[in-house]
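Novice: Note that the protein sequences, when read in sequence, are chains A, R, C and L. Each residue of the first sequence is one higher than the one before, starting from 1 at the first, in our numbering. Each residue of the second sequence is one higher than the one before, starting from 1001 at the first, in our numbering. Each residue of the third sequence is one higher than the one before, starting from 2001 at the first, in our numbering. Each residue of the fourth sequence is one higher than the one before, starting from 3001 at the first, in our numbering. Yeah, the Cβ is synthetic: ideal placement off N, Cα and C, and Gly gets one too. Keep in mind it's a predicted model, so treat the numbers as computed, not measured. One structure coming up, written as structure tokens, with questions to follow.
4 protein chains.
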Amino acid sequence: MNHHKFAQTPPMGWNSWDCYGATVREEEVRGNAEYMAEHMKQYGWEYVVVDIQWSEPGATSSVYRPFVPLKMDEYSRLIPAENRFPSAKGGNGFKPLADFVHSLGLKFGIHIMRGIPRQAVHQNTKLLGTDKRARDIAKPNSICPWNTDMYGVDMNKEGAQDYYNSLFQLYAEWEVDFVKVDDIADSKLYSAHTEEIKAIRKAIDHCGRDMVLSLSPGPAPLEHASLFEENANMWRMTDDYWDHWHLLHDMFTRCYKWSKNVGLGHWPDADMLPLGHIGIRSVDGGGADRLSRFTKDEQVTMMTLWSIFRSPLMFGGELRDNDEWTLELITNEEVLKVHRESYGARQVYREDDRIVWCSKDDEGNTYVALFNASEEQAEVSVTWEELQLESTKLARDLWKKQQLGEVEGKISYTLEPHASMLLQLS
Amino acid sequence: MNHHKFAQTPPMGWNSWDCYGATVREEEVRGNAEYMAEHMKQYGWEYVVVDIQWSEPGATSSVYRPFVPLKMDEYSRLIPAENRFPSAKGGNGFKPLADFVHSLGLKFGIHIMRGIPRQAVHQNTKLLGTDKRARDIAKPNSICPWNTDMYGVDMNKEGAQDYYNSLFQLYAEWEVDFVKVDDIADSKLYSAHTEEIKAIRKAIDHCGRDMVLSLSPGPAPLEHASLFEENANMWRMTDDYWDHWHLLHDMFTRCYKWSKNVGLGHWPDADMLPLGHIGIRSVDGGGADRLSRFTKDEQVTMMTLWSIFRSPLMFGGELRDNDEWTLELITNEEVLKVHRESYGARQVYREDDRIVWCSKDDEGNTYVALFNASEEQAEVSVTWEELQLESTKLARDLWKKQQLGEVEGKISYTLEPHASMLLQLS
Amino acid sequence: MNHHKFAQTPPMGWNSWDCYGATVREEEVRGNAEYMAEHMKQYGWEYVVVDIQWSEPGATSSVYRPFVPLKMDEYSRLIPAENRFPSAKGGNGFKPLADFVHSLGLKFGIHIMRGIPRQAVHQNTKLLGTDKRARDIAKPNSICPWNTDMYGVDMNKEGAQDYYNSLFQLYAEWEVDFVKVDDIADSKLYSAHTEEIKAIRKAIDHCGRDMVLSLSPGPAPLEHASLFEENANMWRMTDDYWDHWHLLHDMFTRCYKWSKNVGLGHWPDADMLPLGHIGIRSVDGGGADRLSRFTKDEQVTMMTLWSIFRSPLMFGGELRDNDEWTLELITNEEVLKVHRESYGARQVYREDDRIVWCSKDDEGNTYVALFNASEEQAEVSVTWEELQLESTKLARDLWKKQQLGEVEGKISYTLEPHASMLLQLS
Amino acid sequence: MNHHKFAQTPPMGWNSWDCYGATVREEEVRGNAEYMAEHMKQYGWEYVVVDIQWSEPGATSSVYRPFVPLKMDEYSRLIPAENRFPSAKGGNGFKPLADFVHSLGLKFGIHIMRGIPRQAVHQNTKLLGTDKRARDIAKPNSICPWNTDMYGVDMNKEGAQDYYNSLFQLYAEWEVDFVKVDDIADSKLYSAHTEEIKAIRKAIDHCGRDMVLSLSPGPAPLEHASLFEENANMWRMTDDYWDHWHLLHDMFTRCYKWSKNVGLGHWPDADMLPLGHIGIRSVDGGGADRLSRFTKDEQVTMMTLWSIFRSPLMFGGELRDNDEWTLELITNEEVLKVHRESYGARQVYREDDRIVWCSKDDEGNTYVALFNASEEQAEVSVTWEELQLESTKLARDLWKKQQLGEVEGKISYTLEPHASMLLQLS
């Protein structure tokens, strides 16, 4: 499985959805990329991802406009709306924007929907590399339940694989590094679209360019865990995640269930980080223009869980509006080392919403995350036996970057509700 | 519930689907109507129903052509394809054909799909009686899973009820007597579309013309039995029914479950009778141009069950090709009297695929149907206690129109596999 | 179906569960019977029912004691615990208590659990009327999920029907008039126990005494509606019902779904009325010794719904502690006339928790129940068209027993949250 | 997770169920152990496991006798029936038999049912290490749906963990090496019993002796994959597996789904090998005394799949009746090396029942299993790209122990229906 050779660590980047919904514009992408290059790149952040509906010239929010015309080339392939992405003019597509991102030492990603545009099917437009046309390969009764852009593709039809190949050939020409495919991992109406997942895997392998494949939305069914690993680099464990405690609380169980499927090149995905300034042109998740509704304790808890579990980290807010505290939260090199280098993460126990996870690294360190997911202050402890440790260790608080001295046999801390600690034992 | 005032007996008629799929032409409708008037009307047969896609000029089979243009008026309402229904020319719609059917002393029916044409939504065409347009009322992610003609209608939207009202106003102008609405009773993807069922009820009540409302496809969920009774005259108990024994065998259970919901004006529907010459331009049900694959015993069993249960009777074959035996099967006045006048039908017992049903009439007769639904010859009996009878009775074989003499305490007959008897005890 | 000849109106009575859990004693039964005879009999109340575990000498609450010995005769049949039912001494069983109840002009009922006592199976005791023994007919892996008293009976086994026959023969000797069979209509673990329902029907028919058959607990699956009608006189539409608004609120939907199955001798059951003094020796339903937590408006709403729907009415509180208001609530002869004589009840509409039901009687009256099931004051209206009325009517408020004058075309009243009205239009 | 330190390769052994049902006797266990020591030990076979109901003195078949008394010690713990296991006399339990097995250089295993004996609960007997008694910890409505021996244990009750500890303390005293716990991984009635799985893990850890923990029956829900890995060494992927092709055919999908959860110390289990002489005193699986109904091709296919997937291998037949062919089938050292040493097994593809799996080892070998699971002869191929190979390889047929020469780019073989090949590429 060739795709496990890239994304050897969980991808880190920025995605436009949480702040700009379906409406992000080129200057905003460039601005966030510049910010990332300047402030975050050195910590491992690298992907800049344009989320949904970049072909829709009139997108104004996270609410889709049904049946509006999308920008499309002669081969039924969606292309960027030039009013929103001026550099795409002249048939350049996303190549100039990708070039810019690459010039900053970063990588460029896009979002696509599973399938073929409904407008291509209604007009029965041409396909590249086959004399079949859009209507020949469409599955007209396979739709996305929340957006009118596409029909599914019937992989039993001649020309179907050619269509998907033509898409990724175009993205390779644009020099795309990351593709988030939506309406595919859990389609709500029809479970996972396994045949189209496999077709997209083949199309990427065929295009000759390494691209991280990310599957949405979730919850991806655990039943298909093998298929996700064998075809994708990351896949969503949840439906859309927002800045609500109950969604964060729920993620502990999801991480527990998927923990056996975390590995080099394949990363169950806890979804984007709704941090900083979000909802600027989005009302998804029941919010509007705001700073993240998560408390600081909750933000630390989220980053701790995502890091020890090794979920991809995709920042959702407008980076340029980050305050000092938020920037520090996502650039703590000691925490990010856990995210990048530790492995074997497992939930040690969960009792009454006191939760402990641990992992280790190749330098002999053990990492311990203590969580108080309850509504009361609580003492959270873990023993050496539970951690499979034997001798005295030096403890370090990775969030505070402070030595805590020698410990042995057991550690125990009193945590506020929704709070957590991330410790290194060496 | 006004609609219980009509269809006081289970509707009887002819439907074009089993023989002509989506392709029936005006002369075929007229020819079958003439046959019905001449040979069947006197026995109670009266509805002549044009099934699906009469707006599709190029329909050639039971297989739908995705996304082809349908004939539509300026108000987003489908109208007959004139190449197939010449009398519809000049904006006459089905009025001339309905007039012809009425001139024969019969009634005229049409099939429609739930919703609004996809093409109307894509073109955002006008609606009658509201300044909203097609896109304003469509539910673009509510589709039929087996046909691309329509989107659902969102009954929460202003103009939605106006649209349905405008449809039935048109059908009233055409003098339609019977409407079979499809993709609504069991939508496969989304269960029953209860809001659109209620909207159609209102639209019929609003149009001022009595029209029998028939809901398809099935199996209609028993969970919504009250809703079906309160809004429709008939609704399907099964998915599409064809000339396979296992489907007929299965109908005994369906009839049993729905037997408490049979009543004046509301008739659970066992679907059309695939008898005689069927599959002429249809490959649905896995067959082609053929005579019904049911054996004679099975045909009698079907007619016996449909009659005592009081399912609507809609003949599916090309009537003009009926042989003598088939015509007699559907014009046995003694059997049809049971269908028309008996009530209180109940399954007396079912043991090892020996099944007995009974009903009664206002003249003091008891009707008994004995079924051998097994694969072996079997003796099927029933006692006076089970039938709640007390004295000696005169028995009559209604299929053979023969007196069987006096009986008391119990009757018992040996039946071939798949065979049945229908008896009158008076 | 012989059993539809009795219980021609929905049964009305008293049941010991809501006040005494599993612990009721003979003197309490007698006391409640005397109260009923004196204060309620003239209004139609007649059944006095001893609920669960009358064989358990040490029952102290609604919480069952697992595996305690139960009183049993030599034929594996449970008999009353004499310390709780002194008149049962000497092998008299419930005959003396039934005699007493009969002497008051009332009828006597008992509760039983589906199946055969576990203790009989473990001891492999004898059965009456067969040389098979308890272990031969038990289904040892068919249990009740909330009580350890019984195993199911395997109706495929020789002796199984004999066992059930022997039970009802005993109850006939005791002159029981009403049997509530538990763990059978919705068994939680295994859906409805349809074979044992049919066996009990046969056993009652066989015993030669009319006994009302009531099936518990619910929700009985609508899927088996035909079977319930054909075998029982009443069956529960819900799980245990208590004095919580959300359970009452939920009952509107349940009544709507089952409204087509209400008929002479067969009554979907909304469960006992948790009114007056309840929870005396019961903690079921999350309460303790208390007066009903329902407000007066809610009590009237409950009685209105139960009456127009025609649910059985089984009072749950200690009757002797009724206050004036409660006694009047259950003895309003005008409301009870609706319960006893009206028919054809249907939900006219439900919009935003404004709900209207109507029914009629043989004297030409129409009954209308207006409900405000919302949390805000609301105006609840209904038109003559919706009621299928045509001319001017005289309206009467049945709860207030007041004439409201002439009305035509529409009636409309402002109701407090959770409040209702019951009107007669004549 | 300490238990991942043992069972570092998938356990291999013999189990008495397939040949002796619930009835195996000591001399048969000894005889099979001697055979294993003499003929199989050198190939890695080591566990000798006594399956279900060794406490039942009168067991005669695979059909359980309900409610018969089981041998039990004073602390509610089942002990061997001495008539069947004479060395257990004098309170020795399985210690003498374990000693014997150990003396042969093999390991000893037993089967137990989840829970506490029903008879202990009915008699309310003592427990070891707590003053609570059987009835205090039982979950009386948690049963096994196919056997009457036990009730579940309520892990919320004081004394519950003590009870499980006392069981494994006893097994440690007996020097048991392997425990197969039944009615726990998929309980049919209640899904997986996760709390009792965790309690058993704790009890084994507490007892101080390494014991392989095997969970039955299946299919274990994939949803709980993390929990199974964290608590057990092996768990069943299927319900009981027998010598029917459709069950073997079905195993390919099961192995595919679970392939990501195979690892050191934790082995998804494809169930016992119904090979050789089986059904001697068992009618489970629809058979009787017989030689395996699998054809030779099917037997090779089964061994190939089990080996490359790395399922535990537990032989089900009476070993002493093995013919030469069967013994060779299970002692092919080249195939067993794949089972013991290869890793990373994955399904390369599956198309029309042509299936290819591959794995590798630390010596640089690639193993390829080609399966024709269809009903027709078929050519099964795989490319170097699919195998992620690059250069020319030497191919060897491991079943035939033959060099096949140099291969490059692709291999392809024509296989009979149900046949397979296992190749080493080096």
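Taking only three categories from DSSP, how would you classify Trp258 (chain A)?
Specialist: Helix, per DSSP.
Novice: What do you get for Arg3290 (chain L), buried or exposed, if any count of 16 or more other CB atoms within 10 angstroms of its CB means buried?
Specialist: By the neighbour-count rule (16 or more Cβ atoms within 10 Å), Arg3290 (chain L) is not buried but exposed.
Novice: Using the rule of at least 16 other Cβ atoms within 10 Å of the residue's Cβ for burial, across every protein chain shown, is His1111 (chain R) buried or exposed?
Specialist: It is buried - the Cβ of His1111 (chain R) has at least 16 other Cβ atoms within 10 Å.
Novice: Using a Cβ-Cβ cut-off of less than 9 Å, list which residues of the stretch 1043-1075 of chain R approach chain A; keep chain order.
Specialist: The stretch 1043-1075 of chain R vs chain A, Cβ under 9 Å: Pro1066 and Phe1067.
Novice: Using a Cβ-Cβ cut-off of less than 9 Å, list which residues of the stretch 3104-3125 of chain L approach chain C; keep chain order.
Specialist: Within the stretch 3104-3125 of chain L, the qualifying residues are Arg3118, Gln3119, Val3121, His3122 and Asn3124.
Novice: With distances taken Cα to Cα, identify the nearest neighbour of Gly2265 (chain C) among C:Val2068, C:Asn2233, C:Trp2325 and C:Ala2373.
Specialist: The residue with the shortest Cα to Cα distance from Gly2265 (chain C) is C:Asn2233.
Novice: Could you please tell me which residues of the stretch 1133-1144 of chain R, in chain order, have their CB closer than 8 Å to any CB of chain A?
Specialist: Cβ contacts with chain A come from Arg1135, Ala1138, Pro1140, Asn1141, Ile1143 and Cys1144.
Novice: For the stretch 3201-3213 of chain L, which residues have a beta carbon sitting closer than 7 Å to at least one beta carbon of chain A?
Specialist: Going along the stretch 3201-3213 of chain L in chain order, one finds no residue with a Cβ nearer than 7 Å to chain A.
Novice: Is there a C-beta anywhere in chain C that falls below 8 Å from the one on Thr3148 (chain L)?
Specialist: Yes, Thr3148 (chain L) counts as interfacial toward chain C.
Novice: Please list the partners that Ser259 (chain A) has in chain L, where partner means a Cβ-to-Cβ separation under 7 Å.
Specialist: Ser3226, listed in chain order.
Novice: For Leu3127 (chain L) and chain C, any beta-carbon pair shorter than 8 Å?
Specialist: For Leu3127 (chain L), the answer is no, since every Cβ of chain C falls outside 8 Å of its Cβ.
Novice: Below 7 Å CB to CB, which residues in the same chain sit around Lys1401 (chain R) once its five sequence neighbours on both sides are set aside?
Specialist: If we look at Lys1401 (chain R) and ignore the five residues flanking it on each side, its Cβ neighbours are Glu1334.
Novice: Hey, out of R:Leu1327, R:Met1237, R:Ala1185 and R:Ala1369, whose CA is closest to Gln1347 (chain R)'s CA?
Specialist: Among R:Leu1327, R:Met1237, R:Ala1185 and R:Ala1369, the Cα nearest to that of Gln1347 (chain R) is on R:Ala1369.
Novice: In terms of residues, what are the limits of the alpha helix (DSSP H) holding Gln2161 (chain C)?
Specialist: Element bounds for Gln2161 (chain C): Ala2160 to Trp2174.
Novice: Any Cβ of chain L within less than 8 Å of the Cβ of Leu2189 (chain C)?
Specialist: It does; some Cβ of chain L falls within 8 Å.
Novice: To the nearest whole angstrom, what separates the beta carbons of Met36 (chain A) and Leu97 (chain A), a pair I think is in contact under 8 Å?
Specialist: That belief does not hold up - the Cβ atoms of Met36 (chain A) and Leu97 (chain A) are roughly 14 Å apart, past 8 Å.
Novice: Could you pull out every residue in the same chain whose Cβ sits closer than 6 Å to the Cβ of Ile2355 (chain C), ignoring the five residues on either side in sequence?
Specialist: Result list for Ile2355 (chain C): Phe2252, Phe2371 and Ala2373, in chain order.
Novice: Does any C-beta atom of chain R lie closer than 8 Å to the C-beta of Tyr2164 (chain C)?
Specialist: Output row for Tyr2164 (chain C): interface = no.
Novice: Could you say if the stretch 3378-3394 of chain L and the stretch 3267-3277 of chain L meet the contact criterion of at least three C-beta pairs nearer than 8 Å?
Specialist: With the cut-off at 8 Å, the stretch 3378-3394 of chain L and the stretch 3267-3277 of chain L do not touch.
Novice: DSSP three-state label for Thr3301 (chain L), please.
Specialist: The answer is helix: DSSP assigns Thr3301 (chain L) an H, G or I state.
Novice: For the alpha helix (DSSP H) that contains Lys2360 (chain C), what are its first and last residues?
Specialist: Not the alpha helix (DSSP H): Lys2360 (chain C) falls in the beta strand (DSSP E), residues Arg2354 to Lys2360.
Novice: Which runs of the beta strand (DSSP E) at least 3 residues long sit entirely within the stretch 2014-2055 of chain C? Give them in chain order.
Specialist: Those beta strand (DSSP E) runs which fall completely within the stretch 2014-2055 of chain C and span 3+ residues are 2047-2050.
Novice: How many whole angstroms separate the CB atoms of Thr3125 (chain L) and Arg3133 (chain L), which I take to be in contact at a CB cut-off of 8 Å?
Specialist: Indeed they touch by this definition, with Cβ atoms about 7 Å apart.
Novice: When you compare the CB positions of Arg3064 (chain L) and Ser3142 (chain L), do they come within less than 8 Å of one another, or not?
Specialist: First, the amino acid is wrong: residue 3064 (chain L) is Tyr here, not Arg. Cβ distance not < 8 Å, so Tyr3064 (chain L) and Ser3142 (chain L) don't count as in contact.
Novice: In the structure shown, what three-state DSSP assignment does Leu2070 (chain C) receive?
Specialist: In the structure shown, Leu2070 (chain C) sits in coil (DSSP, three-state: anything other than H, G, I, E or B).
Novice: Verify whether the separation of the beta carbon atoms of Asp2250 (chain C) and Ser2216 (chain C) is less than 8 Å.
Specialist: No, they are not a contact pair.
Novice: Give me the chain E residues within the contact set of Glu2229 (chain C), using Cβ-Cβ distance strictly less than 7 Å, ordered along the chain.
Specialist: The structure shown contains no chain E; the protein chains it does contain are A, R, C and L.
Novice: Does any residue of chain R bring its CB to less than 8 Å from the CB of Leu2222 (chain C)?
Specialist: Yes, its Cβ sits closer than 8 Å to a Cβ of chain R.
Novice: Does DSSP put Glu3386 (chain L) in a helix, in a strand, or in coil?
Specialist: The answer is helix: DSSP assigns Glu3386 (chain L) an H, G or I state.
Novice: How about Arg2030 (chain C) and Arg2084 (chain C): are their beta carbons less than 8 Å apart?
Specialist: Cβ atoms of Arg2030 (chain C) and Arg2084 (chain C): not closer than 8 Å.
Novice: Report yes or no: is there a C-beta of chain A within less than 8 Å of the C-beta of Tyr3343 (chain L)?
Specialist: For Tyr3343 (chain L), the answer is no, since every Cβ of chain A falls outside 8 Å of its Cβ.
Novice: Ignore the nearest five residues each way along the sequence and tell me which others in Lys1071 (chain R)'s own chain have a CB closer than 6 Å to its CB.
Specialist: Taken in chain order, the residues that qualify are Ser1055, Ile1079 and Ala1081.
Novice: Who are Glu333 (chain A)'s beta bridge partners in DSSP?
Specialist: Glu333 (chain A) pairs with nothing; no bridge assigned.
Novice: Tell me which residues share the same chain as Tyr2151 (chain C) and place their Cβ nearer than 7 Å to its Cβ, disregarding the 5 neighbours each side in the sequence.
Specialist: Around Tyr2151 (chain C): Gly2115, Ile2116, Arg2118, Val2121, Ala2138, Lys2139, Pro2140, Ser2142 and Ile2143.
Novice: Just confirm the distance between the C-beta atoms of Ile2280 (chain C) and Cys2019 (chain C), as a whole number of angstroms; I'd bet it's less than 8 Å.
Specialist: With 8 Å as the limit, Ile2280 (chain C) and Cys2019 (chain C) qualify as a contact, their Cβ atoms being about 5 Å apart.
Novice: Can you give, in chain order, each stretch of the alpha helix (DSSP H) that sits fully within the stretch 104-134 of chain A and has at least 4 residues?
Specialist: Runs of the alpha helix (DSSP H) inside the stretch 104-134 of chain A: 118-123.
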